[in-house]
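Visitor: Before we start, here is the structure in question, set down as structure tokens.
Number of protein chains: 2
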Amino acid sequence: MSNSKLYKGSLNTIILKLLNEHDKMYGYEITQKVKALTKGELKITEGALYPALHKLEAEGLLDVEVAKVDNRLRKYYKLTETGTKETVTKLEELAEYIKTMQALVNPKLA
Amino acid sequence: MSNSKLYKGSLNTIILKLLNEHDKMYGYEITQKVKALTKGELKITEGALYPALHKLEAEGLLDVEVAKVDNRLRKYYKLTETGTKETVTKLEELAEYIKTMQALVNPKLA
DNA sequence: AATATATACATAATTTTCTTATGTATAAGA
DNA sequence: TCTTATACATAAGAAAATTATGTATATATT
Numbered sequence: 001m002s003n004s005k006l007y008k009g010s011l012n013t014i015i016l017k018l019l020n021e022h023d024k025m026y027g028y029e030i031t032q033k034v035k036a037l038t039k040g041e042l043k044i045t046e047g048a049l050y051p052a053l054h055k056l057e058a059e060g061l062l063d064v065e066v067a068k069v070d071n072r073l074r075k076y077y078k079l080t081e082t083g084t085k086e087t088v089t090k091l092e093e094l095a096e097y098i099k100t101m102q103a104l105v106n107p108k109l110a
Numbered sequence: 001m002s003n004s005k006l007y008k009g010s011l012n013t014i015i016l017k018l019l020n021e022h023d024k025m026y027g028y029e030i031t032q033k034v035k036a037l038t039k040g041e042l043k044i045t046e047g048a049l050y051p052a053l054h055k056l057e058a059e060g061l062l063d064v065e066v067a068k069v070d071n072r073l074r075k076y077y078k079l080t081e082t083g084t085k086e087t088v089t090k091l092e093e094l095a096e097y098i099k100t101m102q103a104l105v106n107p108k109l110a
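Spelled out as structure tokens, the structure:
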């Protein structure tokens with residue numbers, strides 16, 4: 001509903017940060033976690049999430065491990081060493097971006 | 001150089017906010033203002049800016065006024081009434097987005 | 001005088017990154 | 001039985017950038 005549109009470019013940062021905190025997670029779990037943490041304000045769609053996970057894996061930032069739970073497939077993702085480094089970078093970039101936007105939007109506080 | 005990529009979707013907010021503060025501005029001026037305010041960290045490319053201005057104008061959020069200064073063309077943009085309202089909305093959305101991202105990225109402070 | 005940089009606009013091709021729609025399949029709850 | 005939840009996936013389309021060009025004038029540098 002109040003699905004405040006994702007600013008494009010932030011999804012990877014979200015994924016990496018969550019994996020940095022929770023060691024390993026599967027896709028569906030990520031969507032639920034984001035929903036919970038943002039009290040339903042942000043909904044990660046599957047059409048965005050799964051391609052993003054595949055890409056991060058292809059780039060060597062994530063490792064994947066398939067498991068079967070309750071006769072259903074789960075793909076657990078975890079950060080590689082490179083992925084952990086990239087997480088730091090992405091978080092710095094986000095913090096920088098927020099600072100920059102605040103400088104633009106509220107120059108008096110800058 | 002350290003051209004921290006624009007998070008897609010934030011350019012309109014930047015334009016509207018600057019016009020809200022400066023009454024009327026022309027395109028090139030906006031690129032310079034952003035560069036100055038962000039100490040060179042954010043560079044608005046012309047390929048992004050001009051189409052964005054044209055679109056905001058087409059949507060009725062901006063009015064345009066052509067001027068000739070030093071024998072060179074300038075297109076001054078200013079907010080319409082609708083544009084002013086939309087600026088408020090966009091700024092609220094940005095603040096909301098920043099809060100949301102901070103909840104995800106730094107859940108302890110949320 | 002010639003050349004480079006700054007000012008000032010613009011558009012086209014391409015890429016990135018979403019949304020929306022659709023599909024498959026199993027488990028649990030009404 | 002039917003709906004909702006769980007769990008993956010991909011394709012089509014849209015949005016919004018980047019990158020590459022192009023035009024033209026003014027100013028600064030060599």
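First to last, the sequence lines map onto chains A and B. Numbered continuously in UniProt numbering, the first sequence closes out at residue 110. Numbered continuously in UniProt numbering, the second sequence closes out at residue 110. Cβ atoms here follow ideal geometry from the backbone N, Cα and C, with glycine treated the same way.
Within 10 angstroms of its Cβ, does G83 (chain B) collect 16 or more other Cβ (buried), or is it exposed?
Guide: Start at 1 with the first residue of the second sequence, and residue 83 (chain B) comes out as number 83. Looking at its Cβ environment, which holds 16 or more other Cβ atoms inside 10 Å, G83 (chain B) is buried.
Visitor: Please confirm if K55 (chain B) has its CB atom under 7 Å from at least one CB of chain A.
Guide: Indexing the second sequence from 1 puts residue 55 (chain B) at position 55. It does not: the Cβ of K55 (chain B) has no partner Cβ on chain A nearer than 7 Å.
Visitor: I'd like the span of the alpha helix (DSSP H) that includes E21 (chain B), first residue to last.
Guide: As a working mapping, residue 21 (chain B) is identified with position 21 in the second sequence. It spans 11-22 - the alpha helix (DSSP H) in which E21 (chain B) sits, taken as one unbroken run.
Visitor: Under 7 Å between the Cβ atoms of K24 (chain A) and K78 (chain A)?
Guide: Numbered from 1 along the first sequence, position 24 holds the residue referred to as residue 24 (chain A). Numbered from 1 along the first sequence, position 78 holds the residue referred to as residue 78 (chain A). Cβ atoms of K24 (chain A) and K78 (chain A): closer than 7 Å.
Visitor: In three-state terms, what does DSSP make of E65 (chain A)?
Guide: Residue numbering aside, residue 65 (chain A) sits at position 65 when the first sequence is read from its first letter. Here E65 (chain A) sits in strand by DSSP.
Visitor: So does the segment 52-64 of chain A actually touch the segment 6-17 of chain A, counting three or more Cβ pairs closer than 8 Å?
Guide: The segment 52-64 of chain A vs the segment 6-17 of chain A: in contact.
Visitor: Do the CB positions of A103 (chain B) and T38 (chain A) come within less than 7 Å of each other?
Guide: Mapped onto the second sequence, residue 103 (chain B) falls at position 103. Mapped onto the first sequence, residue 38 (chain A) falls at position 38. Yes.
Visitor: Look at the alpha carbon of K99 (chain B) and the alpha carbon of G27 (chain B), and state the distance between them as a whole number of angstroms.
Guide: As a first step, residue 99 (chain B) is located in the second sequence; it is residue number 99 there, counting from the start. As a first step, residue 27 (chain B) is located in the second sequence; it is residue number 27 there, counting from the start. Looking at the two C-alpha atoms, the distance is approximately 30 Å.
Visitor: DSSP on L104 (chain B), reduced to helix/strand/coil?
Guide: The residue labelled residue 104 (chain B) in the question sits at position 104 within the second sequence. Of the three classes helix, strand and coil, the one that applies to L104 (chain B) here is helix, per DSSP.
Visitor: Measure the Cβ-Cβ separation of L6 (chain A) and A52 (chain A) and say whether it is below 7 Å.
Guide: Here residue 6 (chain A) refers to the residue found at position 6 of the first sequence. Here residue 52 (chain A) refers to the residue found at position 52 of the first sequence. Taking 7 Å as the Cβ cut-off, L6 (chain A) and A52 (chain A) do not qualify as a contacting pair.
Visitor: Verify the CB distance criterion: does E46 (chain B) have a CB-CB separation below 7 Å to chain A?
Guide: Your numbering for residue 46 (chain B) matches position 46 in the second sequence. No, because no Cβ of chain A sits closer than 7 Å to the Cβ of E46 (chain B).
Visitor: Which chain A residues sit within Cβ distance under 9 Å of I30 (chain B)?
Guide: If you number the second sequence from 1, residue 30 (chain B) lands on position 30. Within 9 Å Cβ-Cβ: nothing; I30 (chain B) doesn't reach chain A, min ~11 Å.
Visitor: So which of A:Y97, A:N106, A:E86, A:A95 has the shortest CA-CA distance to L56 (chain A)?
Guide: Position 56 of the first sequence, counted from the start, is the residue given in the question as residue 56 (chain A). Of the candidates A:Y97, A:N106, A:E86, A:A95, the one whose C-alpha sits nearest the C-alpha of L56 (chain A) is A:E86.
Visitor: Whose C-beta lies closer than 8 Å to the C-beta of Q32 (chain A) among residues of the same chain, with five residues either side of it excluded?
Guide: Numbered from its first residue, the first sequence carries residue 32 (chain A) at position 32. The answer is none, since no qualifying residue turns up.
Visitor: Residues in the same chain with beta-carbon distance under 6 Å from V34 (chain A), minus the five sequence neighbours each way, listed in chain order, please.
Guide: Along the first sequence, read from residue 1 onward, the residue named residue 34 (chain A) stands at position 34. Excluding residues within five positions, the ones whose Cβ falls inside 6 Å are L42, I44.
Visitor: In angstroms, rounded to a whole number, what distance separates the CA positions of K75 (chain B) and E81 (chain B)?
Guide: In the second sequence, the residue the question calls residue 75 (chain B) occupies position 75. In the second sequence, the residue the question calls residue 81 (chain B) occupies position 81. Rounded to whole angstroms, K75 (chain B) to E81 (chain B) spans 19 Å at the Cα level.
Visitor: Strictly by DSSP, which residues pair up with L79 (chain B)?
Guide: Translated into positions along the second sequence, residue 79 (chain B) becomes position 79. Partner(s): B:L62.
Visitor: Less than 7 Å between CB atoms is the rule here; does K8 (chain B) satisfy it with respect to chain A?
Guide: The count along the second sequence starts at 1 and reaches residue 8 (chain B) at position 8. True, the Cβ-Cβ gap to chain A drops below 7 Å.
Visitor: Here's the rule: buried if 16 or more other CB atoms are within 10 angstroms of the residue's CB, otherwise exposed. What is L94 (chain B)?
Guide: Your numbering for residue 94 (chain B) matches position 94 in the second sequence. L94 (chain B) is buried by the Cβ-count criterion.
Visitor: Beta-carbon separation of K8 (chain A) and G9 (chain B) under 7 Å?
Guide: On the first sequence, position 8 is the one that residue 8 (chain A) refers to. On the second sequence, position 9 is the one that residue 9 (chain B) refers to. Contact flag set, yes.
Visitor: On the criterion of 16 or more Cβ atoms from any shown chain inside 10 Å, does E46 (chain B) qualify as buried, or is it exposed?
Guide: Position 46 of the second sequence, counted from the first residue, corresponds to residue 46 (chain B). Per the 10 Å Cβ criterion, exposed.
Visitor: Would you identify the three-state DSSP class for K8 (chain B), choosing helix, strand or coil?
Guide: Indexing the second sequence from 1 puts residue 8 (chain B) at position 8. Strand.
Visitor: In the DSSP assignment, find the alpha helix (DSSP H) that holds K33 (chain A) and state where it starts and stops.
Guide: For the purposes of this step, residue 33 (chain A) is taken as the residue at position 33 of the first sequence. That run of the alpha helix (DSSP H) goes 27-37.
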